[in-house]
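Structure, as structure tokens:
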Amino acid sequence: MTTPGFLVRLMTYVRLSRNVRLGPEDFMACEFANRLRVATLEGRLHAVWTHPAQELAHGHRNGVAGAISKALGLVTGTSDYLFLWDGGSAALEAKSQTGTLTQAQKDWREWCAHRGVPFHVFRTADEGEAILRGLGVLTP
Numbered sequence: 007m008t009t010p011g012f013l014v015r016l017m018t019y020v021r022l023s024r025n026v027r028l029g030p031e032d033f034m035a036c037e038f039a040n041r042l043r044v045a046t047l048e049g050r051l052h053a054v055w056t057h058p059a060q061e062l063a064h065g066h067r068n069g070v071a072g073a074i075s076k077a078l079g080l081v082t083g084t085s086d087y088l089f090l091w092d093g094g095s096a097a098l099e100a101k102s103q104t105g106t107l108t109q110a111q112k113d114w115r116e117w118c119a120h121r122g123v124p125f126h127v128f129r130t131a132d133e134g135e136a137i138l139r140g141l142g143v144l145t146p
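Heads up, our numbering is the position in the sequence shown plus 6, with the first residue counted as 1.
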């Protein structure tokens, strides 16, 4: 099977410098994202996915940039990973071993439940993959 060029382009990223220091949650989430990239390119992940990267707006919550982000639809508390597939979707939130949901993340979880969208918290890349296998969108 030949991997479509658009997937290669979408999954390509510049690796972080060794000088970049990540906290435990970000370190685990990067490992998970790398596994998602591999599974996507190998054709084992049967969904489209993204990380909404709300962190990019965090420094601009107050002021014009923050107002524009909210006006454009930024929803505080959105899960770290969103998955869409034919007939389904899911929201996965990455947390460190001791991390807890913020109030905004709890509100997002409630919105997901209200609309019947599966919401899961995972604390390891293995756990995140197990959730996707359980949803039937990741094959070994």
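Where is the CB? At the ideal position from N, CA and C, for every residue including glycine. These numbers were taken from a predicted model, which means no experiment stands behind them.
Apply the 10 Å Cβ neighbour rule to residue i and answer buried if 16 or more other Cβ atoms are within range, or exposed otherwise.
| i | result |
| --- | --- |
| residue 92 | exposed |
| residue 33 | exposed |
| residue 109 | exposed |
| residue 178 | Any question about residue 178 goes unanswered here, given that the chain covers just 7 to 146. |
| residue 39 | buried |
| residue 144 | buried |
| residue 135 | buried |
Taking the straight line between their C-alpha atoms, what separation do you get for residue i and residue j?
| i | j | result |
| --- | --- | --- |
| residue 114 | residue 70 | 24 Å |
| residue 77 | residue 12 | 30 Å |
| residue 7 | residue 24 | 34 Å |
| residue 150 | residue 87 | An answer regarding residue 150 cannot be provided, because it is not within the stretch 7 to 146 covered by the chain. |
| residue 47 | residue 74 | 34 Å |
| residue 19 | residue 72 | 26 Å |
| residue 82 | residue 28 | 22 Å |
| residue 57 | residue 51 | 15 Å |
| residue 127 | residue 137 | 9 Å |
| residue 30 | residue 22 | 15 Å |
Could you pull the start and end residues of the alpha helix (DSSP H) that residue i belongs to?
| i | result |
| --- | --- |
| residue 46 | 30 to 47 |
| residue 54 | Where residue 54 is concerned, there is no enclosing alpha helix (DSSP H), although the beta strand (DSSP E) it sits in stretches over 54 to 56. |
| residue 13 | 11 to 17 |
Answer yes if the stretch 93 to 101 comes into contact with the stretch 125 to 143, meaning at least three C-beta pairs across the two stretches below 8 Å, and no otherwise.
Yes: the two stretches touch, three or more of their Cβ pairs being nearer than 8 Å.
Inside the stretch 78 to 134 only - alpha helix (DSSP H) runs reaching at least 4 residues:
If we require 4 residues or more, the alpha helix (DSSP H) runs fully inside the stretch 78 to 134 come out as 109 to 121.
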